[in-house]
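Take the position in the sequence shown, starting the count at 1, then add 9; the result is the number in my numbering.
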Amino acid sequence: MEFQNNISLKNQNTFGIDVSCRLFCIIQSQQDISDLIHSDEFKNNKNLILGGGSNVLFTKDFDGLVIKNKIIGKEIISENKDLKTVKVGAGENWHNFVLWSIKNRLSGIENMALIPGNVGAAPMQNIGAYGSEVKNVIENVWAINIEDGKKLIFSNTDCNFQYRDSIFKNELKEKVIITHVSFNLSKTPNNNTTYGDVKEEIQNLGLEISTESICKAVINIRERKLPNPNEIGNSGSFFKNPIISTIQFKEIQKQFIEIVGYKNSETETKVAAGWLIDKCGWKGYRKGDAGVHKNQALVLVNYGNANGEEITSLAKEIQQSVKDKFGIEIHPEVNIIG
Ligand SMILES: Cc1cc2nc3c(=O)[nH]c(=O)nc-3n(C[C@H](O)[C@H](O)[C@H](O)COP(=O)(O)OP(=O)(O)OC[C@H]3O[C@@H](n4cnc5c(N)ncnc54)[C@H](O)[C@@H]3O)c2cc1C
């Protein structure tokens, strides 16, 4: 493992923000992590673990050490009549793992096809899409405590998974390096088509419902709906959908009958942040190279040379206008790195 100085991060974040870091290294094994945490470069600098860079927004050059996680490998560690448990290196590309699971006739993650990024970041915010969340299939998360180098294993319950949240984004933020994640994948198809568009897309494709067809449908829908970061910088949904009391939701609904919300619990409703932002008139807005996508109000974009400050200042204006119009606070899903 070697340390490099002054490395550009422009190609290491899907927002395409042109920043650099003072120090950069790649870890590929447990040994690399052990060498890393005993090094002066690590001990004397602030540091950031980076996967695919698809959920980070850099607001300035990173004055410290960026650690790129490239630990790879997939191993079936146990099996029973219903499930196979697969342990996957944190540096494996998420979508490639989804394709691998389908090829191996395993079900449970097909609805999350084409989510950018790496396996190691999946537990961070409990990734989810099209009616599935990764918490439903994670068995354990393997990590290393960066203070003392101790190996840690977190059970699914230990991870305290919530909507786009987990212990790794809170109490353990910047305290552990996730090295592996194990998943319980089903030998029989789950066939979760609860999310409307998926079933319709499968019908349009003239296919039967199966693990493969769900994956194909999700890929098609995502390619149509979401901007490709290779063409236009973005990090997917910039904000989380806010969860408010159903009483407040019903109050707002009196004035805005078409407001979009889903039952979250007996007393709470999850509101579509994209709808709120759109209703405030932001869809398609552009100031310099920072903007709001023309079809997806929830996606902030970098048209080329926007910097992180411009994107965050646009985000703050959006948050304020949603607060003023609806009395609802929306919060970033993206990790803002200052
Ligand atoms: C076009 C687009 C669509 C998207 N759609 C979705 C979606 O449908 N659903 C969804 O949930 N998300 C979505 N995202 C967000 C993103 O893809 C996920 O959050 C993904 O899991 C991020 O993975 P990454 O490897 O790129 O993480 P990074 O951006 O590299 O890192 C994210 C955070 O995790 C930390 N981290 C990363 N790896 C490790 C590790 N091994 N150990 C400790 N900390 C670590 C980083 O320090 C950072 O704080 C989308 C993003 C884009 C660009």
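Backbone N, C-alpha and C define an ideal beta-carbon position, used for all residues, glycine too.
Here the structure is a predicted model, which is why all the values come from computation and not from measurement.
* **Member of 244, 272 and 246 whose CA lies at the smallest distance from the CA of residue 257** => As a working note, residue 257 is residue 248 in the sequence shown. When each option's Cα is compared against that of residue 257, the closest is 272.
* Assess, as a yes-or-no matter, whether the stretch 246 to 257 is touched by the stretch 204 to 219 under the definition of 3 or more beta carbon pairs within less than 8 Å. => No, the stretch 204 to 219 is not in contact with the stretch 246 to 257.
* Asked: Hey, would you say residue 331 sits closer than 8 Å to residue 289, going by beta carbons?
  -> Along the sequence shown, read from residue 1 onward, the residue named residue 331 stands at position 322. Along the sequence shown, read from residue 1 onward, the residue named residue 289 stands at position 280. Yes, Cβ-Cβ distance for residue 331 and residue 289 is below 8 Å.
* To do: List the DSSP bridge partners of residue 340.
  => As a first step, residue 340 is located in the sequence shown; it is residue number 331 there, counting from the start. For residue 340, which the question treats as bridged, DSSP gives no partner whatsoever.
* **Continuous alpha helix (DSSP H) stretch holding residue 66: start and end** => Taking the sequence shown and counting its residues from 1, one reaches residue 66 at position 57. Not the alpha helix (DSSP H): residue 66 falls in the beta strand (DSSP E), residues 65 to 67.
* residue 156: buried (16+ other C-beta within 10 angstroms of its C-beta) or exposed? -> Working through the sequence shown from its first residue, we reach residue 156 at position 147. Result: exposed.
* Beta-bridge partners of residue 166, as assigned by DSSP -> Counted from its first residue, the sequence shown places residue 166 at position 157. Paired residue(s): none; residue 166 is not in a bridge.
* With DSSP as the reference, label residue 108 as helix, strand or coil. => As a first step, residue 108 must be located in the sequence shown, where it is residue number 99. Three-state DSSP puts residue 108 in a helix.
* **C-beta contact flag for residue 243 and residue 24 at 8 Å** => As a position in the sequence shown, residue 243 is number 234, starting the count at 1. As a position in the sequence shown, residue 24 is number 15, starting the count at 1. Yes, the pair counts as a contact, with Cβ atoms nearer than the cut-off.
* Relative to ligand 1, is the shortest distance from any of its heavy atoms to the C-beta of residue 133 smaller than 7 Å? -> In the sequence shown, residue 133 corresponds to position 124, counting from 1. Checking the Cβ of residue 133 against ligand 1 gives yes.
* Return the Cβ separation of residue 79 and residue 100 in integer angstroms, given the expectation that the two are a contact with Cβ distance under 8 Å. => Here residue 79 is taken as the residue at index 70 of the sequence shown, counted from 1. Here residue 100 is taken as the residue at index 91 of the sequence shown, counted from 1. Correct: roughly 4 Å between the Cβ atoms.
* Outcome for residue 104 when other beta-carbon atoms lying within 10 angstroms are tallied against a minimum of 16 -> The count along the sequence shown starts at 1 and reaches residue 104 at position 95. Buried.
* Asked: Any heavy atom of ligand 1 within a distance shorter than 7 Å of the CB on residue 331?
  -> If you number the sequence shown from 1, residue 331 lands on position 322. It does not: the Cβ of residue 331 is nowhere closer than 7 Å to a heavy atom of ligand 1.
* Report all residues from its chain with a CB closer than 7 Å to the CB of residue 313; omit the five preceding and five following residues, and keep chain order. => For this step, residue 313 is matched to residue 304 along the sequence shown. Correct list, in chain order: 298.
* Heavy atom of ligand 1 less than 7 Å from the Cβ of residue 226, yes or no? -> Here residue 226 is taken as the residue at index 217 of the sequence shown, counted from 1. Residue 226: no, Cβ never under 7 Å from ligand 1.
* Which residue from 252, 171, 117 and 150 puts its Cα closest to that of residue 161? -> Sequence index remark: in the sequence shown, residue 161 carries index 152 (1-based). When each option's Cα is compared against that of residue 161, the closest is 150.
* Asked: Could you give the residue range of the alpha helix (DSSP H) that holds residue 291?
  -> What you label residue 291 is simply residue 282 of the sequence shown in a count that begins at 1. It is not in any alpha helix (DSSP H) - residue 291 carries neither H nor E in the DSSP assignment.
* Could you tell me if the beta carbon of residue 243 falls within a distance shorter than 7 Å of some heavy atom in ligand 1? => Taking the first residue of the sequence shown as 1, we reach residue 243 at position 234. Flag set: Cβ of residue 243 near ligand 1.
* Is residue 299 near ligand 1, with its Cβ less than 7 Å from a heavy atom? -> Here residue 299 refers to the residue found at position 290 of the sequence shown. No.
* Asked: Does the stretch 178 to 187 come close enough to the stretch 195 to 207 to have 3 or more Cβ pairs within less than 8 Å?
  -> no
* Asked: Do residue 238 and ligand 1 come close, with the Cβ less than 7 Å from some heavy atom?
  -> By 1-based counting over the sequence shown, the position of residue 238 is 229. Correct: residue 238 has its Cβ closer than 7 Å to ligand 1.
* To do: Would you check whether ligand 1 has a heavy atom nearer than 7 Å to the C-beta of residue 229?
  => Your numbering for residue 229 matches position 220 in the sequence shown. Distances from the CB of residue 229 to the heavy atoms of ligand 1 are all 7 Å or more.
* Return the chain-ordered list of same chain residues with a C-beta closer than 7 Å to the C-beta of residue 294, the five sequence neighbours on each side being excluded. => Position 285 of the sequence shown, counted from the first residue, corresponds to residue 294. Around residue 294: 300 and 301.
* To do: Consult DSSP for residue 72 and reduce its assignment to one of helix, strand or coil.
  => Walking along the sequence shown from the start, residue 72 turns up at place 63. Three-state result, residue 72: strand.
* Are residue 71 and residue 28 touching if we call contact CB-CB under 8 Å? -> Within the sequence shown, residue 71 is the residue found at index 62, counting from 1. Within the sequence shown, residue 28 is the residue found at index 19, counting from 1. Yes.
* Measure the alpha-carbon distance for residue 84 versus residue 192 and round it to whole angstroms. => Counting from one through the sequence shown, the residue named residue 84 turns up at place 75. Counting from one through the sequence shown, the residue named residue 192 turns up at place 183. Answer to the nearest angstrom: the Cα atoms are 10 Å apart.
* **For residue 37, three-class secondary structure by DSSP** => By 1-based counting over the sequence shown, the position of residue 37 is 28. The answer is coil: DSSP assigns residue 37 none of H, G, I, E or B.
* For residue 28, does the three-state DSSP call read helix, strand or coil? -> Locating residue 28 in the sequence shown gives position 19, where the first residue counts as 1. Reduced to three states, the DSSP call for residue 28 is coil.
* Could you check what DSSP says for residue 248 in three-state terms: helix, strand or coil? => As a position in the sequence shown, residue 248 is number 239, starting the count at 1. Here residue 248 sits in strand by DSSP.
* Asked: By Cβ distance below 8 Å, which residues in the same chain neighbour residue 171 in space, the five residues on each side in sequence not counted?
  -> Sequence index remark: in the sequence shown, residue 171 carries index 162 (1-based). Around residue 171: 135.
* Asked: Buried or exposed: residue 303, going by 16 or more other Cβ atoms within 10 Å of its Cβ?
  -> Here residue 303 refers to the residue found at position 294 when the sequence shown is read from its first residue. Residue 303 comes out exposed.
* Answer with buried or exposed for residue 203, where buried requires no fewer than 16 other C-beta atoms within 10 angstroms of its C-beta. => On the sequence shown, residue 203 is found 194 positions in, with the first residue counted as 1. Its Cβ having fewer than 16 others within 10 Å, residue 203 is exposed.
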